[in-house]
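Remarks on the structure that follows.
Number of protein chains: 2
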Amino acid sequence: MTVGELYGRLKDKSKWFFMERDIGRLFSALRSSGDFWEVLDLSEVPMLLASWLVGELEREGFVAVVGEEVRLTEKGECFCRENDISRARRLECPWCRGKAVHVEAYMKVLREFKGLSLERPEPLRQYDQGYVTEESTVARVVLMAARGDLEGNAILVLGDDDLAGLALALTGAPKEVVVLDIDERLLDFIEDKAREVGFHNLEARRADFRDPLPEDLVGRFDVFLTDPSESLPALKAFIGRGVVGLKGLGGAGYFGLTRAESSLWKWRELEKILVEDFGMAITDIIHDFNAYLSWGYEREMKAWDYLPVKAEPKGIWYRSCWFRIERVEETHLENVPIEGEIVEDEEMATA
Amino acid sequence: MTVGELYGRLKDKSKWFFMERDIGRLFSALRSSGDFWEVLDLSEVPMLLASWLVGELEREGFVAVVGEEVRLTEKGECFCRENDISRARRLECPWCRGKAVHVEAYMKVLREFKGLSLERPEPLRQYDQGYVTEESTVARVVLMAARGDLEGNAILVLGDDDLAGLALALTGAPKEVVVLDIDERLLDFIEDKAREVGFHNLEARRADFRDPLPEDLVGRFDVFLTDPSESLPALKAFIGRGVVGLKGLGGAGYFGLTRAESSLWKWRELEKILVEDFGMAITDIIHDFNAYLSWGYEREMKAWDYLPVKAEPKGIWYRSCWFRIERVEETHLENVPIEGEIVEDEEMATA
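So the sequence lines, in the order shown, correspond to chains A and B. For the first sequence, position 297 matches number 296 in numbering that gives the first Met the number 0, and the numbering has no gaps at all. For the second sequence, position 91 matches number 90 in numbering that gives the first Met the number 0, and the numbering has no gaps at all.
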């Protein structure tokens, strides 16, 4: 059977955006690993689609679930050979782990940041929290330094379970940092620690991004940073508020986007919004820049019921690509309230 | 004087897209280097704008040209301090040089490729040729392997002074490679060497990208790769022909884009075309992925007359960012002839 034939049999059954190529990607990952979390990570097939697809492939006899593993059957192996599907490989630089930046240039910040973040509040499912490794947060700061977005800059952080505000404070470099979050525990923690390390130009303030950006923050910043939940409305709200906070042309923004919860269809929809509506040029997309620690509430997340194997992840499996955008046209942006629930769409799996 | 005030005095005099931020970028680079080629590289201000701007700054007393160097005067240094402009820094990973991929995984290919490319034909100004380092070409191949765009894939190379076709042949991995170029010397060289290394699924064929893609190549490929001249019409033509060559959804493309010859305004215009018209999601933008060797005809290029210092570059100064795009919607694309000269626009400097 060819990939195209198999796709033809399955395509109308999927609830999600589904390309023929997703089949190749999934088989390719299955040739490299039997650990489903690693298969998700390697394949880059959206999590819910991948879970459903494994079920279909099991029914068709291409894979078998054995204990906690998903394995290719003889029929599955044969399918790979016939269709010239090779093993998925990680070929990222072993030194920077594909981050492309030199985190060691900020070794002192990294060391201090690791110390401080030991006491951070635990993630809450209620706010779709789940934080990245300390290396990821500090790498974001290093990237900002490399792009001229750190020293002497006014920086807005929209949502900060990753404690980027604190890492920024540790560099002592920004002119000011304003951290917005809905979670008072985080705000208190970040403000206290920033003061402890002697950075006094940080303000942590409670905010809900469904509300407009407060007037005193509009048009005030050189740079913003955010890592939203990945429904299109939430992405648009968080990033949109960030853009509203920028001074104007040349203002820069950073945010993360996964393949696990966003199909490339959603990627393109978001890119249209960034470029057309928000007047931004996309200057960087660094693959798998952010690595997320397991957030401890996997069993409660939406995707759990769909998983072909009910085993908890053994290591890092959830990564996001890191975007940098820069404003080149002052398009009109509304700063108005958004009604209703925004952190929900059919591709979201971890909320 | 503030950056804003200086910008106010200069902005109406510029022929090019010019943001306030370009001033900060240029001063920041001038704080790090007096070598104008290095300043171009570090600042990321488009080459012609940067050359003009240095002239204006000299007239205003902020910089002085001393021998072969462009130096900040006391007034210029003072301006930087007052406006909190820090030194530009390279903070790319020292191992992969910011390429993010593990080139050493293909060390054998790199070694053989270096050997073979010693005999390559010299670049011709007539075709706007100028090739990248061997590491850059092989890194492109490694990135393709990492993204599942190499093994068993049918690959189209549109314009190949970088000899990507040959590097692909050395891996032995693609199902087929078709190289199109206007330069017969290159075509003969690539076809001969591919045969020499035992790769028989490579065809090198003469083509002009103003003409439609030949019928037998339409809809035939999984992946394309190109590194066009950076006028918007040329970018659109080369990349557009590549997209026309793809089989359909999930097909991927790779191409380079500089900051030296393309303002972020042009970046955004191109991104609009990619996302809207070509139906692509942009999946990767790797900063300064490609390093170009000096092409030996610097004195003949358009920018030479504009340069504040008439010295030849001492090392690599011209880099491009590397895009990966993937098709997620089959928008209608025309495969029709393009009339007139396409490799010319007001930001182009090296042609």
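Every residue gets a Cβ at the ideal spot worked out from N, C-alpha and C, and that includes glycine. Fair warning: this is a prediction, and the values are worked out from it, not measured in the lab.
Which one of the options has the shortest CA to CA distance from residue i?
| i | options | result |
| --- | --- | --- |
| A:Glu68 | A:Glu134, A:Ala203, A:Lys309, A:Val327 | A:Lys309 |
| B:Glu150 | B:Val222, B:Gly7, B:Gly252 | B:Val222 |
| B:Met346 | B:Ile189, B:Lys265, B:Ile337, B:Ile272 | For the record, residue 346 of chain B in the displayed sequence is Glu; it is not Met. Selected option, being the one with the closest Cα: B:Lys265. |
| A:Phe367 | A:Ile285, A:Glu268, A:Gly239, A:Met300 | A question about residue 367 of chain A goes unanswered here, because the residues of chain A that appear run from 0 up to 350. |
| A:Leu306 | A:Leu52, A:Arg20, A:Gly23, A:Met18 | A:Leu52 |
| A:Ala203 | A:Ile181, A:Val177, A:Leu9 | A:Val177 |
| A:Ala206 | A:Ile284, A:Leu185, A:Ala63 | A:Leu185 |
| A:Ala138 | B:Cys92, B:Pro227, B:Glu37, B:Phe61 | B:Cys92 |
| A:Arg209 | A:Phe237, A:Glu195, A:Leu224 | A:Phe237 |
| B:His286 | B:Thr170, B:Arg89, B:Tyr296, B:Lys10 | B:Arg89 |
| A:Glu19 | A:Tyr6, A:Asp11, A:Arg267, A:Arg30 | A:Tyr6 |
| B:Ala168 | B:Glu183, B:Lys107, B:Thr132 | B:Lys107 |
| B:Leu234 | B:Asp161, B:Gly75, B:Ile272, B:Glu111 | B:Ile272 |
| B:Gly249 | B:Asp148, B:Glu340, B:Leu155 | B:Asp148 |
| B:Leu115 | B:Gly164, B:Ile284, B:Gly218 | B:Gly164 |
| B:Val327 | B:Glu59, B:Leu39, B:Arg80, B:Glu275 | B:Glu275 |
| A:Asn334 | A:Gln125, A:Glu214, A:Arg194 | A:Glu214 |
| A:Ser319 | A:Cys79, A:Lys113, A:Val131 | A:Val131 |
| B:Cys79 | B:Phe220, B:Trp94, B:Arg323, B:Phe61 | B:Phe61 |
| B:Tyr296 | B:Asn82, B:Arg124, B:Asp161 | B:Arg124 |
| A:Ala302 | A:Glu260, A:His199, A:Ala145 | A:Glu260 |
| B:Arg146 | A:Arg86, A:Phe198, A:Glu270, A:Ala348 | A:Arg86 |
| B:Asp160 | B:Ser135, B:Leu48, B:Asn200, B:Ala348 | B:Ser135 |
| B:Met300 | B:Lys12, B:Ala348, B:Ala104 | B:Ala348 |
| B:Asp21 | B:Arg58, B:Ser262, B:Arg30 | B:Ser262 |
| B:Val196 | B:Ala144, B:Asp344, B:Glu111 | B:Glu111 |
Once you ignore the five residues that flank residue i on each side, which residues in its own chain have a CB closer than 6 angstroms to its CB?
| i | result |
| --- | --- |
| A:Gly129 | Pro122, Tyr291, Trp294 |
| B:Glu84 | Going by the sequence as given, residue 84 of chain B is Ile instead of Glu. Counting only Cβ-Cβ distances below 6 angstroms, and skipping sequence neighbours, we find Gly23, Phe26, Ser27. |
| B:Ala63 | Arg70, Thr72 |
| B:Thr225 | Leu157, Gly158, Phe237, Gly241, Phe254 |
| A:Leu142 | Val100 |
| B:Gly252 | Phe223, Gly241, Ile324 |
| A:Phe220 | Ala153, Leu155, Gly244, Leu245 |
| A:Asn200 | Glu175 |
| B:Ala353 | Absent from the model: residue 353 of chain B. The displayed extent of chain B is 0 to 350, so no value can be given. |
Apart from the five residues on each side of it in sequence, which residues of its chain come closer than 7 angstroms, Cβ to Cβ, to residue i?
| i | result |
| --- | --- |
| B:Phe188 | Arg119, Pro120 |
| A:Val342 | Asp127, Ser228, Ser230, Ala233, Ala350 |
| B:Trp316 | Trp36, Glu37, Leu39, Asp40 |
| A:Glu43 | Arg24, Arg258 |
| B:Phe17 | Lys10, Leu48 |
| B:Glu311 | Glu297 |
Classify residue i as buried or exposed, calling it buried when 16 or more other Cβ atoms lie within 10 Å of its own Cβ.
| i | result |
| --- | --- |
| B:His101 | buried |
| B:Gly3 | exposed |
| B:Glu73 | exposed |
| B:Glu229 | buried |
| B:Cys77 | exposed |
| B:Met279 | buried |
| B:Asp180 | buried |
| B:Glu133 | buried |
| A:Glu351 | The requested residue 351 of chain A is not part of the displayed model; chain A covers only 0 to 350. |
| A:Lys10 | exposed |
| B:Gly171 | exposed |
| B:Leu282 | Note that residue 282 of chain B is Thr in the sequence shown here, rather than Leu. Buried is the call here. |
| A:Ala330 | Inspection of the sequence shows that residue 330 of chain A is occupied by Thr rather than by Ala. The residue is exposed, with fewer than 16 neighbouring Cβ atoms inside 10 Å. |
| B:Thr1 | exposed |
| A:Val65 | exposed |
| A:Glu81 | exposed |
| B:Asp34 | buried |
| B:Lys353 | Residue 353 of chain B cannot be examined here, being either before or after the span of chain B that is shown, 0 to 350. |
| B:Leu399 | Because residue 399 of chain B is not part of the residues shown, which for chain B are 0 to 350, the question remains open. |
| B:Lys12 | exposed |
Since residue i contacts residue j with CB under 8 angstroms, what's their CB separation in whole angstroms?
| i | j | result |
| --- | --- | --- |
| B:Phe288 | B:Lys14 | 29 angstroms between Cβ atoms; not a contact. |
| A:Leu41 | A:Ser32 | 6 angstroms |
| B:Pro45 | B:Arg258 | 7 angstroms |
| A:Trp94 | B:Trp94 | 4 angstroms |
| B:Gly244 | B:Val217 | 7 angstroms |
| A:Thr336 | A:Pro211 | Checking the sequence, you will find Pro at residue 336 of chain A rather than Thr. Rounded, the Cβ-Cβ distance is 6 angstroms, consistent with contact. |
If I measure Cβ to Cβ from residue i and keep anything under 8 angstroms in the same chain, skipping five residues before and after, which residues do I get?
| i | result |
| --- | --- |
| A:Asp182 | Pro120, Leu123, Tyr126, Gln128, Asp160 |
Exercise. Can you list, in chain order, the stretches of the alpha helix (DSSP H) that have 4 or more residues and sit fully within the stretch 252 to 325 of chain A?
Worked result: The qualifying runs are 263 to 271.
Exercise. Can you give, in chain order, each stretch of the alpha helix (DSSP H) that sits fully within the stretch 118 to 190 of chain A and has at least 4 residues?
Worked result: Fully enclosed alpha helix (DSSP H) runs of 4 or longer: 133 to 145, 163 to 170.
For this session: Please go through the stretch 25 to 100 of chain B and give each complete alpha helix (DSSP H) segment of 4 or more residues, from N-terminal end onward.
Result: Within the stretch 25 to 100 of chain B, the alpha helix (DSSP H) runs of at least 4 residues that lie entirely inside it are, in chain order, 35 to 42, 46 to 58, 73 to 81.
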